[in-house]
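Q:
2 protein chains.
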Amino acid sequence: MGKSPISWKVSSRALDQEVEVRRSLLSSLKRLIFGAPIATSRAHHERLSRFYGLPVFASDAISSMAYATEEILLVLVLAGSMATGMVTNISIAIAILVGIVIFSYVRTIYAYPQGGGGYRVSSDNLGSKAGRVAGAALLIDYVLTVAVSVSSGVLAIVSAFPQATPYIVHLGIAATLLVAWINLRGTRESGLVFAIPTYTFIVLILALIVGGIFKAIGSEVTPTSAVHPPASGAFEVFGLWIVLRAFSAGCTALTGIEAIADGAGAFKAPEAKNASFTLITLGVIIAVLFVGASWLSLQLGVTPLHVGTPEYKTVLAQMAEKVFGIGPMFYAMQIATMVILVLAANTAFADFPRLSSFMAKDGYLPRQLSNLGDRLVFQNGIMLLAIAACLLIFAFHGDTHKLIPLYAVGVFTSFTLSQAGMVVRQVKLKAPSWGVIASVIGTLTTGVVMLIILVTKFSGGAWLVVIAVAILLTFFYQVRKHYDYLAERLNVGPDEHVKPISGTVLLLVPPRIHRGILHAIAYAQNISADCRAIHITDDPSTVENMKAQWDKFGGHLPLVILESPYRSLVEPLLEYIDQAVSEEPNHILTIIVPQAVAKHWWQTILHNNAATPIKMALASRKNVVITNVRYFLE
Amino acid sequence: MGKSPISWKVSSRALDQEVEVRRSLLSSLKRLIFGAPIATSRAHHERLSRFYGLPVFASDAISSMAYATEEILLVLVLAGSMATGMVTNISIAIAILVGIVIFSYVRTIYAYPQGGGGYRVSSDNLGSKAGRVAGAALLIDYVLTVAVSVSSGVLAIVSAFPQATPYIVHLGIAATLLVAWINLRGTRESGLVFAIPTYTFIVLILALIVGGIFKAIGSEVTPTSAVHPPASGAFEVFGLWIVLRAFSAGCTALTGIEAIADGAGAFKAPEAKNASFTLITLGVIIAVLFVGASWLSLQLGVTPLHVGTPEYKTVLAQMAEKVFGIGPMFYAMQIATMVILVLAANTAFADFPRLSSFMAKDGYLPRQLSNLGDRLVFQNGIMLLAIAACLLIFAFHGDTHKLIPLYAVGVFTSFTLSQAGMVVRQVKLKAPSWGVIASVIGTLTTGVVMLIILVTKFSGGAWLVVIAVAILLTFFYQVRKHYDYLAERLNVGPDEHVKPISGTVLLLVPPRIHRGILHAIAYAQNISADCRAIHITDDPSTVENMKAQWDKFGGHLPLVILESPYRSLVEPLLEYIDQAVSEEPNHILTIIVPQAVAKHWWQTILHNNAATPIKMALASRKNVVITNVRYFLE
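Order-wise, the sequence lines are chains A and B.
Here the first sequence stands for residues 1 to 634, where the numbers follow this note's numbering.
Here the second sequence stands for residues 1 to 634, where the numbers follow this note's numbering.
#1: Do the stretch 350-366 of chain B and the stretch 136-143 of chain B meet, that is, are 3 or more Cβ pairs less than 8 Å apart?
#2: Starting from the Cα of V436 of chain A, find the closest Cα among A:V449, A:L289 and A:M422 and give me that residue.
#3: Give the DSSP-derived three-state secondary structure of S152 of chain A in the structure shown.
#4: Does the CB of P586 of chain A have a neighbour CB from chain B at under 8 Å?
#5: Is the beta carbon of E258 of chain B sitting closer than 8 Å to the one on Y110 of chain B?
#6: Tell me whether A261 of chain A counts as near the ligand ZN, meaning its Cβ is closer than 7 Å to at least one heavy atom of that ligand.
#7: Less than 8 Å between the C-beta atoms of G283 of chain B and I90 of chain B, yes or no?
#8: With DSSP run on the structure shown, which of helix, strand or coil describes Q299 of chain B?
#9: Residues of the stretch 120-143 of chain A with a CB closer than 8 Å to any CB of chain B: list them in chain order, please.
#10: At a CB-CB cut-off below 7 Å, which residues of chain A make contact with I182 of chain B?
#11: For the stretch 549-568 of chain A and the stretch 524-538 of chain B, state whether three or more C-beta atom pairs, one from each stretch, are separated by less than 8 Å.
#12: Does any C-beta atom of chain A lie closer than 8 Å to the C-beta of K622 of chain B?
#13: Hey, out of A:D551, A:A548, A:Q549 and A:T542, whose CA is closest to L562 of chain A's CA?
#14: Between the Cα of L559 of chain A and the Cα atoms of A:A548, A:L569, A:P565 and A:S568, which residue gives the shortest distance?
#15: I517 of chain B: which of B:A596, B:V143, B:V75 and B:K313 sits nearest, CA to CA?
#16: In this structure, how does DSSP classify Y112 of chain B when only helix, strand and coil are distinguished?
#17: Cβ closer than 9 Å: which chain B residues qualify as neighbours of H497 of chain A?
#18: Candidates B:L574, B:S564, B:A130 and B:M65: which alpha carbon is nearest I340 of chain B's?
#19: Is S357 of chain B close to chain A, meaning its C-beta is less than 8 Å from at least one C-beta of that chain?
#20: Within 10 angstroms of the Cβ of A487 of chain A, are there 16 or more other Cβ atoms? Answer buried if so, exposed if not.
#21: Look up I326 of chain B in the DSSP assignment and say whether it is helix, strand or coil.
#22: Does any CB atom of chain B fall closer than 8 Å to the CB of T542 of chain A?
#23: Name the one or two DSSP bridge partners that C531 of chain B has.
#24: Taking the CB atoms as reference points, tell me whether A462 of chain A and L406 of chain A lie closer together than 8 Å.
#25: Could you confirm whether any beta carbon from chain B is found closer than 8 Å to the beta carbon of G503 of chain A?
#26: Return the residue from the list A:F394, A:A395, A:I393 and A:A360 that minimises the CA-CA distance to N380 of chain A.
#27: Any idea what DSSP makes of R50 of chain A, helix, strand or coil?
#28: Per DSSP, what are the beta-bridge partners of I387 of chain A in this structure?
#29: Strictly below 8 Å CB to CB, what residues from chain A border Y483 of chain B?
#30: Which class does R630 of chain A belong to by DSSP, given the choice of helix, strand or coil?
#31: Taking the beta strand (DSSP E) that Q478 of chain B belongs to, which residues open and close that run?
#32: Please classify V498 of chain A: does DSSP put it in a helix, a strand, or coil?
#33: Measuring alpha carbon to alpha carbon, tell me which residue in B:I513, B:E496, B:P510 and B:V56 is nearest I260 of chain B.
#34: Which residues mark the beginning and the end of the alpha helix (DSSP H) in which H635 of chain B is found?
#35: Which residues in chain A sit within 8 Å of R480 of chain B, going by Cβ to Cβ distance?
#36: For a cutoff of 8 Å on Cβ pairs, would you count Y523 of chain A as touching chain B?
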């Protein structure tokens, strides 16, 4: 080992082999479950073509087709059967909204070709506060993405296999933990894993719509009655409220639509062009699938059912049953739905840890969230997301009808802030006015929709999101404040240097001198010339024997005997230490606690473990260092 | 502070005041709940008169009147209504057994006037193995005493207030924790606390019996039919089996009878005489109450019911209802029953921790069980007993009919061993032959009863006790083996002395040099001349900056930079340490981990805590000491 002031050491041996030899049972188990560590140098980004980029980034957006129509119908059904006729018009309105948002996001892609998430765009252009609001909204939304997608996927399976109904929550939690585990392993999924189920799902829904059109032409199914115009003014207000609520419910179709813009940098060059093309393709797919499915639900006259009842089937499953019958196509549809929804949850497992690592690096979240783990993943973020999503699934019994009202508020908050950021950016950079106008339209539209969602869903659950955002913002503020304080207190001034200290060592001695004590005496004498042994006793009759033992084996260390009328080890020691510290304030006391270490962990319960209570009692004492000197019995 | 080799320090200040000033929130809370510490010098024994000695030691034995008759009837009822007629005869047989056991225990009192429990008498006279068997049986029995007494007390309350039926388990666990808490506080109960409910209970049962006799004379109640002689040989065998089972069930009446002999030393002088007199008085009380209650149950024709059903009443409550009617006497009876049963449980909370502290001192149980706590009680033993009893109540749903079959095996095992020990002792000491004969009769009788109980209750639950005894014996053996091994390994030979060691200090340095690091450098330089700073990095681009910082602030400590391609702090450090340790085997490495300490505990989650994973990883490395050097931000 070099002793020059600065030596540079590079491990010449292959660490993989080293690790192999040395690992314990626990680390073997860890490796079995999570895989071998991956070197930092292997962190690379697979560049995606348009064909693969669509499924990789858009599974979340496309998967919302599995529940968006159902949510609209759920609102309309409450207003009576005649209101359900509005489902197609509302879907068309949402499809137009999709168009506006996508047009606006294309601007973001060209401004941030390496990827611009809501947190980054808002922070850059609107300031840190707006960025934190977008960040809070997005973090909450990622949790909801997992909870909603997984729950909805479970309901797709329950629609095909009603026997699973009592296990909705269990299945949801199991699926969440499975996805979390896959992400902790950090396997780089090939684009194919996303492409097959995503394209299958798209094709199956298209087949459903086409099959439905043929059925409608053949007049096998009677469509429900068209909308009757409302009769009075009071009903008009009520009707508007219903329409707005239904519209809000359908806006879940837009969740995940920002993913392509966020991850534009992952596309093959030219990134911006490829990403924009893919985003527009996604818009067309969503519009066609969503309007088609909503129209079909009307033609087939399906009604949303209550989750948890034995006859429950999703609206999509009911349509598949009516068009395809219960057969291979029906089951394929349900399984494809489940798979694409799990992929959507998987997307959140990439987004949440990444966003929280950005925010941790900016000092708004605990630093541990920015630590890359063994497998090149932000494991703390993954675990946090899994726990939060499981709690949501448990609290809401895996019922999408209860979870979805919480959803979309966050997404539209982030949309609005992100678009507003683009307005500011383009004005600053003197971009062409048509671009500014596109972003202004995007900002206004998403802002209005956000307000509509907030108002119409407020009592249904959006209030929870408002509270959660407020809590998160307070937390961000407190965390940052602490880190700023930490930096201020810990910062070394240019003229500061190491101030030499002096030290005294106190060695705690039990009633019997054993080999571990001899070892600890040697250690104490090695680290300080000023050592004292401390013996605490509740039985004065043993003192003479102790003195005799110490004379023989104590290595000439002075022995201090403390009486403990209350049998506590800690109180007399505290009293002695407080006297010692106050006598010499620039002095460090090292308390050595000898400890015999047994072969098996369970044997430690047979030893009196003095170090722990002493550490706890001394937790707030400055200038005190507690050192456990272990003596191995083997 | 004196620096002479041996100094004797006695705290001159009143520790009480010291403690007052210094205590934290946690210790204030602890004091509020458990009371202020009690000095060792206040450990004294209140000497008891015969009048107070009876309730203090005999509440357990007397309280079994609350369920013993019911248990006999429960067996007889299964054999048909004509069998219930045997309840009086069986009770008389048990009363005779009580006489024999008491006569035999008087011998123990004179042999051990300071108190001779089953563990001590067996260990002394039959050897350690027999002592351990008695100890195991007694420990199990104390747990059962708590579970059975508390459950039975709850059933007395449920008999008076059937609304409480759904909360049997909750009430049982709450009562157990209450008694545990009272014992953790270590309040010395005055004899009066025991005397009032115990004498009330005795008087109430006597009143019940006398009232029953008057009713029987007035012929208001028709007694059930007398026993019909069995008709065939097969029925005779069956009949004998039923009688033996009923007899075993009734033997729960003897539980707790040994308590006076165990605690004879607590009586006023002459201890042996007073204790013997009290024991004989107890025998008479038990015989009268038990035979009287059993006879009355027959006269009143009561039948035991199933625990948990809404109409459930204990047999004693049914009798009280028939004799007194539902009124003040009935409720007084139920409440007195509950209180005496809780006192019985309380007795076990004194006995279990005391016995386990004896066994811990002998090295058969973990030493922590012999530590006297702040309040002069063996708190670990109290907590262990409370947990075990709560688990039993939970597992058996607080149903005495299921718990009692486990009971009494242990008691009679301990009786038998204890009496056998007395035979050996008296033979050795050449005691008068009538004494030996008394003990032989006691041994044989209790031994035969133990076998009867074991056989008749085996399938009903006694097998669990056999397994538990076997597990405890194995545990005792392993614990003792470990302590012997410990003593052998740690024992200092007469020629051994402190062997001087050398040491190197490794200081772990994070990416940024802060004040806490300067403090840690000063500490490292104070404890060793051979210090090195270790910096582990996963980003080679930061190395130059680190070197520059270190040149400026590093206090001329050599800096070693370790590359971590896997981002782990631990692996490169382990590799470096293993090289360092193997290079110089007689050398101690001290790893210093600097740590910034925040004001509030929750802020620690915002700091990367490197010490814990490093400690875990180095747990099995010898010659390594890990020292946390804290830097306080305040």
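Just so it is clear, CB atoms sit at the ideal spot from N, CA and C, and this is done for glycine as well.
A: In brief:
#1: yes
#2: Here residue 436 of chain A is taken as the residue at index 436 of the first sequence, counted from 1. That would be A:M422, whose Cα lies nearest to the Cα of V436 of chain A.
#3: Numbered from its first residue, the first sequence carries residue 152 of chain A at position 152. S152 of chain A: helix per DSSP, three-state reduction.
#4: Looking up residue 586 of chain A in the first sequence gives position 586. Before going further, note that residue 586 of chain A is Asn rather than Pro in the sequence given. It does not; no Cβ of chain B falls within 8 Å.
#5: Taking the first residue of the second sequence as position 1, residue 258 of chain B is located at position 258. Taking the first residue of the second sequence as position 1, residue 110 of chain B is located at position 110. Going by C-beta atoms, E258 of chain B is not nearer than 8 Å to Y110 of chain B.
#6: As presented, the structure is devoid of all ligands, the ligand ZN included, so that no description of it is given.
#7: What you label residue 283 of chain B is simply residue 283 of the second sequence in a count that begins at 1. What you label residue 90 of chain B is simply residue 90 of the second sequence in a count that begins at 1. Contact: no.
#8: Along the second sequence, read from residue 1 onward, the residue named residue 299 of chain B stands at position 299. Helix, per DSSP.
#9: none
#10: Taking the second sequence and counting its residues from 1, one reaches residue 182 of chain B at position 182. Under the 7 Å cutoff, chain A gives no residues; its nearest Cβ is about 21 Å from I182 of chain B.
#11: no
#12: For this step, residue 622 of chain B is matched to residue 622 along the second sequence. Closer than 8 Å to some Cβ of chain A, the Cβ of K622 of chain B qualifies, so yes.
#13: Counting from one through the first sequence, the residue named residue 562 of chain A turns up at place 562. Of the listed residues, the one whose Cα sits closest to L562 of chain A is A:T542.
#14: As a first step, residue 559 of chain A is located in the first sequence; it is residue number 559 there, counting from the start. Cα-wise, what sits closest to L559 of chain A is A:A548.
#15: Here residue 517 of chain B is taken as the residue at index 517 of the second sequence, counted from 1. Selected option, being the one with the closest Cα: B:A596.
#16: On the second sequence, position 112 is the one that residue 112 of chain B refers to. In the structure shown, Y112 of chain B sits in coil (DSSP, three-state: anything other than H, G, I, E or B).
#17: Sequence index remark: in the first sequence, residue 497 of chain A carries index 497 (1-based). By Cβ distance, chain B contributes L518, K552, F553 and G555.
#18: The sequence position of residue 340 of chain B within the second sequence is 340, counting from 1. Closest by alpha carbon: B:M65.
#19: Here residue 357 of chain B refers to the residue found at position 357 when the second sequence is read from its first residue. No, S357 of chain B lies away from the interface with chain A (no Cβ there is under 8 Å from its Cβ).
#20: For the purposes of this step, residue 487 of chain A is taken as residue 487 along the first sequence, with counting starting at 1. It is exposed - the Cβ of A487 of chain A has fewer than 16 other Cβ atoms within 10 Å.
#21: On the second sequence, residue 326 of chain B is found 326 positions in, with the first residue counted as 1. In the structure shown, I326 of chain B sits in coil (DSSP, three-state: anything other than H, G, I, E or B).
#22: The residue you call residue 542 of chain A lines up with position 542 of the first sequence. Taking Cβ atoms only, chain B never reaches closer than 8 Å to T542 of chain A, which makes this a no.
#23: What you label residue 531 of chain B is simply residue 531 of the second sequence in a count that begins at 1. Answer is B:V505.
#24: Taking the first sequence and counting its residues from 1, the one referred to as residue 462 of chain A is at position 462. Taking the first sequence and counting its residues from 1, the one referred to as residue 406 of chain A is at position 406. Yes, they are a contact pair.
#25: The residue labelled residue 503 of chain A in the question sits at position 503 within the first sequence. Interface residue, yes.
#26: Sequence index remark: in the first sequence, residue 380 of chain A carries index 380 (1-based). Looking at the Cα atoms, A:A360 is the closest of the given residues.
#27: The residue given as residue 50 of chain A occupies position 50 in the first sequence. Helix.
#28: Reading the first sequence from its first residue, position 387 is the one you call residue 387 of chain A. Note: I387 of chain A sits in no beta bridge, so no partner.
#29: In the second sequence, residue 483 of chain B corresponds to position 483, counting from 1. The answer, in chain order, is L606.
#30: Within the first sequence, numbered from 1, the residue matching residue 630 of chain A stands at position 630. In the structure shown, R630 of chain A sits in a strand (DSSP, three-state: E or B).
#31: Translated into the one-based positions of the second sequence, residue 478 of chain B becomes position 478. First-last for Q478 of chain B: W463 to L490, but that is the alpha helix (DSSP H), not the beta strand (DSSP E).
#32: Residue 498 of chain A sits at position 498 when you count from the first residue of the first sequence. In the structure shown, V498 of chain A sits in coil (DSSP, three-state: anything other than H, G, I, E or B).
#33: Here residue 260 of chain B refers to the residue found at position 260 of the second sequence. The shortest Cα separation from I260 of chain B among B:I513, B:E496, B:P510 and B:V56 belongs to B:V56.
#34: This structure leaves residue 635 of chain B out entirely; chain B is present only between 1 and 634.
#35: Within the second sequence, the letter at position 480 stands for residue 480 of chain B. Result: empty, since nearest Cβ-Cβ is about 10 Å, beyond 8 Å.
#36: Indexing the first sequence from 1 puts residue 523 of chain A at position 523. Answer yes: the Cβ-Cβ gap between Y523 of chain A and chain B drops below 8 Å somewhere.
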